[in-house]
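Participant: Chain order of the listed sequences is H and U. One rule links them: number in my numbering = place in the first sequence (from 1) + 113. One rule links them: number in my numbering = place in the second sequence (from 1) + 45. Glycine included, every Cβ here is placed at the ideal spot set by N, Cα and C.
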Amino acid sequence: MQKQLQRGRKPPHPIRKASLFTVLFFLGLFLAGIALDEPARVLEQARQICLSCIGIG
Amino acid sequence: MELIRKWVQIVAGFLMNGYWLFPWSRNIYQGPLKVFCAPGLNCYSCPAATTYCPIGSLQHFMAGLRFSLDAGQYYFGLYVVGSMGLLGGFFGRMICGWACPFGFFQELLHKIPSPKFAIPSGLRYLKYAILLLFVILLPLLALDEFGAGSPWFCKYLCPAGTVEAGLPLLLLRPELRETIGFLFYSKFAIMVAFIVWAVLASRPFCRVACPLGAFYALFGRVRVVKLRLDPHRCTNCGACHRVCPMGVKFNESPDDTECIACLACMERGCQFGAISLDLCGVPLGASGTEKHLPAADKRGCSG
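1) For the candidate residues G192/U, S159/U, G206/U and L272/U, whose alpha-carbon lies nearest to that of Y89/U?
2) Using DSSP with H/G/I as helix, E/B as strand and the rest coil, what is I305/U?
3) Short of 6 Å in beta carbon distance, which residues of its chain neighbour F162/U, apart from the five on each side in sequence? Order them along the chain.
4) Can you pull the chain H residues whose beta carbon is under 7 Å from the beta carbon of A187/U, in chain order?
5) Going by C-alpha to C-alpha distance, which of E220/U, E312/U, L185/U and I240/U sits closest to R287/U?
6) Starting from D323/U, follow the beta strand (DSSP E) in both directions and report where the run begins and ends.
7) In chain order, what residues of the same chain have a beta carbon less than 6 Å from the beta carbon of G345/U, not counting five sequence neighbours either side?
8) Check whether the region 102 to 121 of chain U touches the region 56 to 76 of chain U, counting contact only when three or more Cβ pairs, one atom from each stretch, lie closer than 8 Å.
9) Are the beta-carbon atoms of G122/U and L153/U separated by less than 7 Å?
10) Okay, do the region 46 to 58 of chain U and the region 213 to 233 of chain U touch, 3+ Cβ pairs below 8 Å being the bar?
11) Report the option in L168/U, A259/U and C199/U whose CA atom is closest to the CA atom of C163/H.
12) Return the Cβ separation of C141/U and G258/U in integer angstroms, given the expectation that the two are a contact with Cβ distance under 8 Å.
13) Which residue comes first and which comes last in the beta strand (DSSP E) that contains V327/U?
14) How would you list, in chain order, the residues of chain H whose beta-carbon sits under 9 Å from the beta-carbon of V269/U?
15) Tell me which residue opens and which closes the alpha helix (DSSP H) that R273/U is part of.
16) In the DSSP output, which residue or residues are listed as bridge partners for Y17/U?
17) Would a C-beta distance cut-off of 7 Å place T302/U and A254/U closer than the cut-off?
18) Hey, how far is the Cα of T334/U from the Cα of G168/H?
19) Report, in whole angstroms, the separation of the C-beta atoms of V269/U and C307/U, which I expect to be a contact under 8 Å.
20) Counting contacts by CB-CB distance shorter than 7 Å, is E157/H in contact with chain U?
21) Are the beta-carbon atoms of V80/U and P152/H separated by less than 7 Å?
22) Within 10 angstroms of the Cβ of G130/U, are there 16 or more other Cβ atoms? Answer buried if so, exposed if not.
23) Identify every run of the alpha helix (DSSP H) within the region 165 to 229 of chain U, keeping only runs that are complete inside it and at least 4 residues long; order them along the chain.
So, in structure tokens, the structure goes:
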């Protein structure tokens, strides 16, 4: 009976741990960037038009 | 599902380009939303852009790294790489298929009736060289007389920048037209070449030259959301090859780095329920049932 139940049961789907570790690693980088005040630098760059970057000037 | 994807592409395009006051302000958006990363390739000098382009920003960090270190500021671009990695870790190249405005633009171009051609698969590796050289190494190492680097990809290659920023800014500010020269014309020629190629072949820029696509492709095996192949249901009939806009042979390489998870193979290709969506190892969607054919017909369909 026990064997029959085991046979009928679908195998469990293992969680992909590599996916979770990858996300956690980049979350760490993201938070480190915030700690280094990089968002302010990003905002400063993104608010300016870099004409030579788009082939003008 | 294809209709949903189209709507997601449209909404994502509008969210990333939602500043429609630019004809009056004659300037780009400069508000606080620009601290957020655009998931797709979307030039932040586009007058309507509301977010920053990760590839553009990363090049600026690389180009200014020596200056910032000399000034005692430790700006390595971790915030940008972290943002890109979080997006890539969750979605990988699914972003190319669902949220990249330039990818959507190429899809629309490909709908123009014309002879269609395949793209040689070996060209896919060019985008990794572009990522390494034009986005990281050249901005970091090729310095001018003042010790500053340049954003090489934006400056010399990016056709999205020409479409979204170069041309609109020339229309918006006529005084800039006097300053254009060889650099602009060469970028314009690159843009025209990719536009013509996108009419003739499916997503050529994504497949051959996009450095953001190359970065997201690195997450092909480990991304949270991905497509899964059930080998017990697959008959190797090849239907998934024929509908794939990226030229992926899904039954042969289910972790192919080119897969943009547009779900065309799952929805329109596979008749046997062999392809399903998978969230961190847990299957979602249509893996449970064969869609149309009974089991007896599966044996007959192998080519």
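Facilitator: The relevant details are as follows:
1) Within the second sequence, the letter at position 44 stands for residue 89/U. Answer by Cα proximity: G206/U.
2) Sequence index remark: in the second sequence, residue 305/U carries index 260 (1-based). In this structure, I305/U counts as coil in the three-state DSSP scheme.
3) To locate residue 162/U, count along the second sequence from 1; it is residue 117. Around F162/U: L245 and A246.
4) Numbered from its first residue, the second sequence carries residue 187/U at position 142. Going along chain H, no residue has its Cβ under 7 Å from A187/U, so there is no contact; the nearest lies around 14 Å.
5) Counted from its first residue, the second sequence places residue 287/U at position 242. Cα-wise, what sits closest to R287/U is E312/U.
6) By one-based count along the second sequence, residue 323/U stands at place 278. Start and end: I320 to L324.
7) If you number the second sequence from 1, residue 345/U lands on position 300. Low confidence applies here, because G345/U scores a pLDDT of 37, under 50, leaving its location unreliable; read the following figure in that light. Contacts found: none.
8) Result no; under three Cβ-Cβ pairs closer than 8 Å.
9) Residue numbering aside, residue 122/U sits at position 77 when the second sequence is read from its first letter. Residue numbering aside, residue 153/U sits at position 108 when the second sequence is read from its first letter. Not in contact: G122/U and L153/U (Cβ atoms no closer than 7 Å).
10) Cβ pair count under 8 Å is below three, so no.
11) For the purposes of this step, residue 163/H is taken as residue 50 along the first sequence, with counting starting at 1. Of L168/U, A259/U and C199/U, the residue nearest in Cα terms is C199/U.
12) Working through the second sequence from its first residue, we reach residue 141/U at position 96. Working through the second sequence from its first residue, we reach residue 258/U at position 213. Yes, they are in contact, since the Cβ atoms of C141/U and G258/U sit about 5 Å apart, within 8 Å.
13) By 1-based counting over the second sequence, the position of residue 327/U is 282. Taken as a continuous stretch (DSSP letters only), the beta strand (DSSP E) holding V327/U covers V327 to L329.
14) As a working mapping, residue 269/U is identified with position 224 in the second sequence. For V269/U, the chain H residues whose Cβ falls inside 9 Å of its Cβ are R129, S132, L133, T135 and V136, in order along the chain.
15) Mapped onto the second sequence, residue 273/U falls at position 228. Annotation: R273/U is outside any alpha helix (DSSP H); the continuous beta strand (DSSP E) that includes it extends over V270 to L274.
16) Because chain U here runs from 46 to 348, residue 17/U falls outside it and cannot be looked at.
17) The residue you call residue 302/U lines up with position 257 of the second sequence. The residue you call residue 254/U lines up with position 209 of the second sequence. In this structure, A254/U does not lie closer than 7 Å to T302/U by Cβ.
18) The residue labelled residue 334/U in the question sits at position 289 within the second sequence. The residue labelled residue 168/H in the question sits at position 55 within the first sequence. Confidence in T334/U is poor, its pLDDT being 47 and thus under 50, which makes the residue's placement too unreliable to answer from.
19) Locating residue 269/U in the second sequence gives position 224, where the first residue counts as 1. Locating residue 307/U in the second sequence gives position 262, where the first residue counts as 1. No, V269/U and C307/U are not in contact; Cβ-Cβ is about 17 Å, not under 8 Å.
20) Walking along the first sequence from the start, residue 157/H turns up at place 44. Interface residue (Cβ-Cβ distance to chain U less than 7 Å): E157/H is not classified as such.
21) Stepping through the second sequence from its first residue, residue 80/U is reached at position 35. Stepping through the first sequence from its first residue, residue 152/H is reached at position 39. Result yes, Cβ atoms of V80/U and P152/H sit closer than 7 Å.
22) Within the second sequence, the letter at position 85 stands for residue 130/U. When all chains shown are included, G130/U counts as buried.
23) Within the region 165 to 229 of chain U, complete alpha helix (DSSP H) segments of at least 4 residues are found at 171 to 175, 183 to 186 and 212 to 217, given in chain order.
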